[in-house]
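*Asks:*
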Amino acid sequence: MGGAAIDAYGIPIRDEDLAQAAAADAQKPIVVGTIEDVTGAFTTYGLPVIKAQELAVKEINKSGGLLGRQIKLVVRDSKSDISNYSPFANELILNDTIDVLFAGVLRSSREALRPILRRHDLLSFYPRYHEGGVLSLL
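Each residue of the sequence shown is one higher than the one before, counting from 7 in the numbering used here.
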């Protein structure tokens with residue numbers, strides 16, 4: 007048997023199996039989920055973020071992707087309604103199998119997302135100035 011890698015049950019994983027899994031993953035895109043206020047009261051904050059993300063994904067994919075993998079952007083419009091954040095996050099995580107989430111224009115939206123992100127051990131970013139007060143290491 008191969009190296010020191012073990013699965014969740016403590017069973018050793020062969021190097022060949024790791025290489026095969028890595029090769030399969032290399033073919034899949036990196037899925038980036040985003041929940042932004044494309045419409046509604048906060049559209050002036052959300053729409054530019056979506057446009058910037060779309061441009062960044064286009065440029066990164068055009069130059070070969072990230073770590074050799076293409077990026078796929080999956081967008082949900084919160085419609086500036088805090089009640090949309092939790093169901094959209096669950097949908098993105100469970101149905102779209104995102105690798106990372108960009109979301110949270112308001113502190114209340116980030117607070118709505120935090121337990122979901124913690125439960126699924128998912129990395130999240132919000133590309134805005136931080137008003138302070140909360141640090142979550144999940």
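We put the CB at the ideal spot given by N, CA and C, even for glycine.
Spatial neighbours of I104 within its chain, please: C-beta separation below 7 Å, excluding the five flanking residues on both sides.
*Replies:* Closer than 7 Å at the Cβ level, and outside the excluded window around I104, lie V37, V38, G39, V80, L98.
*Asks:* Taking the straight line between their C-alpha atoms, what separation do you get for L112 and E22?
*Replies:* Taking the straight line from one Cα to the other gives about 46 Å.
*Asks:* Please say whether S92 and D43 have beta carbons closer to each other than 7 Å?
*Replies:* No, the Cβ-Cβ distance between D43 and S92 is not below 7 Å.
*Asks:* Is it right to say F94 is buried, meaning 16 or more other beta carbons lie within 10 angstroms of its own, or is it exposed?
*Replies:* Per the 10 Å Cβ criterion, buried.
*Asks:* Tell me, to the nearest whole angstrom, how far the beta carbon of D83 is from that of T45; I am working on the premise that it is less than 8 Å.
*Replies:* About 6 Å separates the two Cβ atoms, so the contact holds.
*Asks:* Taking the beta carbon of F108 as the centre, do at least 16 other beta carbons fall within 10 Å, making it buried, or is it exposed?
*Replies:* Result: buried.
*Asks:* Give me, in chain order, the residues of the same chain whose beta-carbon lies closer than 8 Å to that of I5; leave out the 5 immediate sequence neighbours on both sides.
*Replies:* The shown model of the chain, from 7 to 144, leaves out residue 5, and the question about it has no answer.
*Asks:* Within 10 angstroms of the Cβ of G70, are there 16 or more other Cβ atoms? Answer buried if so, exposed if not.
*Replies:* Looking at its Cβ environment, which holds fewer than 16 other Cβ atoms inside 10 Å, G70 is exposed.
*Asks:* Helix, strand or coil: how does DSSP classify T45 here?
*Replies:* Coil.
*Asks:* Which class does I77 belong to by DSSP, given the choice of helix, strand or coil?
*Replies:* I77: strand per DSSP, three-state reduction.
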